[in-house]
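Comments concern the structure below.
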Amino acid sequence: MPLARPTGQIPDAAWTSGFREMTEPWKGAVGCLGVAVFFAMTIGIISWQALEQSPEEWVLRGRTGGMLWERRRGALLLRVGVRVGGVPATEPPPPRDRCWHDGGQFCYTWEEDAELRLSLEPPPTPATECYGVHWTPLRPDVMLKDCFSMANVSWYGGASIRAQRWPLNSAESHAQPFVSGDFSKNPVGYGPVLERYFLGSTGVTVTVAPDVPLFLSLERNRHFCLEAPAGRAAVPLRYLLCVSPDVAAAHRHMGTQLAGQARVLPDTALLGSPIWQYYGPAGSAAKIKRGLKSLAKKLKRHHLREGVLALGERCTAILAAADHMPLERRKRHDSTHAWDPSLIKPLQLSITLSPYTSIASPLFLRSLRDSEVASYWLSLQPRFGGCSVPLLTTWKGRLCARLNVTSKMALSWYLARARHLRQALGATYMVFEGAEGNAFLEQAVPPPAELAGDQYTGVLAAALATLGNATVISAGARSSHLPLFVQMSPLRSDWSHAGLKGVIPSVLHYSLLGYNFFIPDAVGGSLDSDTPGDPELYVRWLQIVTFLPVMAFSTPPWLCCDAWVLNLTRQCIQRHRDFVVPLLIKYSEEWLRLGYPIFRPAWWLSPTDPTAFTIEDEFLIGDEVLVAPITEKGQTWRDIYLPGEGHLWMDTNTAHVFDGGTILRNYSASLAEVPVFVKTS
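Last residue of the sequence shown? That's 669 in the numbering used here, and every number before it is there in order.
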């Protein structure tokens, strides 16, 4: 593309790479990225499609490859192991390097609009090559937008979405802040677990700097785009692009560094303890206590004695209010119903809190009069002096204020309250909902610097980790190293990607980003669907969560289905304890040392097989167990991909052995079984 341009337009630049058959001299070229400055409606798209070889010239050369200028298209290319011949003199010249021929950098400026600086960065391993990309707008009204093509490339990582997909190629999302969110507030927003890390099936990773204000858009099967928004101040866009031999090597080299800190395990005792969500009456503390005793007796009667009884936030608040009642009044109103945690043993108790308080609560009303208590809540700072005003938001349909995590006094008060409740109610575990989201952005208010992006989630997670490793949080952002369990988002009680089909993609997404210790949504889903309870859905859901870290139930099997499902539930719980938990403990040691995911996609063992890149209904536990459940209604067979050419896999149901790197067509899986394979070599 000629460098000359009409005034006011910014030429697009794209980084491209092509793939050839083995007979081509430059086989193994890595594909790449396209970089473009976006102004008004001008967009540059990164192309990963195969191209005819064209005249090129190096502009930034690494050890084994680097950036080239492709003259015909006016594009920057990233190639590895490519030899480039002479360039015809009649072609337009490459862009002028403003770095004064520094061998490790390339700089280019589009007049008064934006500046691009590319630099070679130290690689994590000799097999990886990394490039720093730094766009700087030269005017506040210039918005930067870099797009990465999905043509022939599968992408993973980034953000969780409501109907989770694996890979991200089939997802759709308009440009919005790259901040964790609550699907109940914003169903089309991004979910509670995300990282600024994108992994391509060609072995390329894109990692965005944590301090860059970032927008992300997903255009189904076309591309995803990173944007630094225009505003009153020029906002730069910075990220690191690394190239590795294949997708698995790329994640081992780059993705495992996401946390950047020493990793610590949460309480592994929870792994073998099914969670039973309390579903009884909640009108008063006395009713809740009687309901807990009743649920404990029913579990005992059905031979499901061990596990955790989980109270939601409302029931926890009712018991907390009763606990804070003056002693004389408590004796008068509840003398015959005193709570004794030993009444539910060997079951343990879990309580739920959130960083929100209703504007009708006594504590919030007192904060309106007491300036010290007022600092407990996020507030809007007045422009021209005066008092700060609490920033109000909604939580579970109520108008609320949110805990100010930047205040040491507020955090100390909140953590002390949590410790007191845990002790007073005899709870073993505490769940903290509402950690996701940025309340300022929700109200279209610029957040303070210390709470930009997902810093609220990060600060709150670090504070909650001080409560011990028996803590569960509802969101994660740069916090996968902390000893916390992460509660997955609720799913619909149906067979869609917003329901059962979304379970395995979510498992792979969470684990890829380092969040291996998650609590999946309850068996059967916890969001109402348009259809009545479906025993088949319940069973297929049960079969999947048997192989996940924790088994959770909102509807007990005796209320859902026939007696055989209750018996199957007992068997699944026992299999989880005897077979799955030891595997999780084994591979958690590998995660601590190396950061490898515990739950792995098929391409982990077949990183160069395109068939493995789009499989979203199977997962590996470590390198030795493959789980391939049924996720289609009415189906009793499925195709199963066995990864790892050269390996052997044994079906645990039949003891039949099959070769890795093959597909088993129409493999039988009755309603009472789930295909599970163990690697034997």
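Backbone N, C-alpha and C define an ideal beta-carbon position, used for all residues, glycine too.
Under DSSP, the beta-bridge partners assigned to Arg105 are Cys95 and His122. The C-alpha of Pro493 lies about 13 Å from the C-alpha of Tyr503.
With a minimum length of 3 residues, the unbroken runs of beta strand (DSSP E) contained wholly in the region 366 to 412 fall at 380 to 383 and 386 to 390.
Contact between the region 135 to 142 and the region 110 to 127 is absent: fewer than 3 CB-CB pairs across the two stretches fall below 8 Å. In the same chain as Cys303, and ignoring 5 residues on each side of it, the C-beta atoms closer than 7 Å to its own belong to Tyr266, Ala270 and Ile276, in chain order. For the pair Val194 and Arg289, the Cα-to-Cα distance works out to about 53 Å. Between the region 227 to 240 and the region 520 to 535 there are fewer than three inter-stretch CB-CB distances shorter than 8 Å, so the stretches are not counted as touching. Residue pairing by DSSP leaves Phe352 without any beta bridge partner. Here Leu413 is actually not in contact with Gly145; their C-beta atoms are around 39 Å apart, not less than 8 Å. Under the DSSP definition of a beta bridge, Tyr344 partners with Arg390. In the three-state DSSP reduction, Asp134 falls in the strand class (E or B).
Cβ-Cβ separation between Arg251 and Leu580: approximately 5 Å, consistent with a contact (criterion under 8 Å). With 16 or more other Cβ atoms from the protein chains shown falling within 10 Å of its own Cβ, Asn426 counts as buried.
When the five nearest sequence neighbours on each side are left out, the beta carbons in the same chain lying within less than 8 Å of the beta carbon of Pro631 are those of Ala590, Trp591, Trp592, Leu593, Ser594, Asp597, Ala600, Leu608, Leu614, Gly648 and Gly649, in order along the chain. Residue pairing from DSSP leaves Cys549 without any beta-bridge partner.
A direct Cα-to-Cα measurement between Val130 and Asn140 gives close to 31 Å. Within its own chain, the residues whose Cβ lies closer than 8 Å to the Cβ of Arg51, once the five positions on either side in sequence are excluded, are Glu117, listed in chain order.
His497 is not bridged by DSSP to any residue. Taken in chain order, the unbroken stretches of beta strand (DSSP E) that lie wholly in the region 211 to 269 and span 3 residues or more are 211 to 216, 225 to 231 and 263 to 265. Straight through space, the alpha carbons of Pro435 and Pro217 are spaced by roughly 15 Å. The beta carbons of Glu438 and Lys384 sit no closer together than 9 Å. Contact annotation, Pro254 with Phe505: C-beta distance approximately 5 Å; criterion of less than 8 Å satisfied. A straight line joining the alpha-carbon of Val47 with that of Val121 spans about 14 Å. Separation of Tyr417 and Gln411 (C-alpha to C-alpha, rounded to the nearest whole angstrom) is 11 Å. The region 439 to 453 makes no contact with the region 477 to 488, as fewer than three CB pairs between them are under 8 Å. Here His564 is buried: its Cβ has 16 or more other Cβ atoms, across all protein chains shown, within 10 Å.
The DSSP-derived three-state label of Gln475 is strand.
Gln531: member of the alpha helix (DSSP H) spanning Pro523 to Val533, first to last residue. C-alpha of Ser467 to C-alpha of Gly441: approximately 14 Å in a straight line.
Under the DSSP assignment, Thr195 falls outside any alpha helix (DSSP H), being part of the beta strand (DSSP E) whose first and last residues are Val192 to Val196.
Collapsing the DSSP output to three states places Asp639 in a strand. Residue state for Tyr503 is assigned as coil, using DSSP reduced to three classes.
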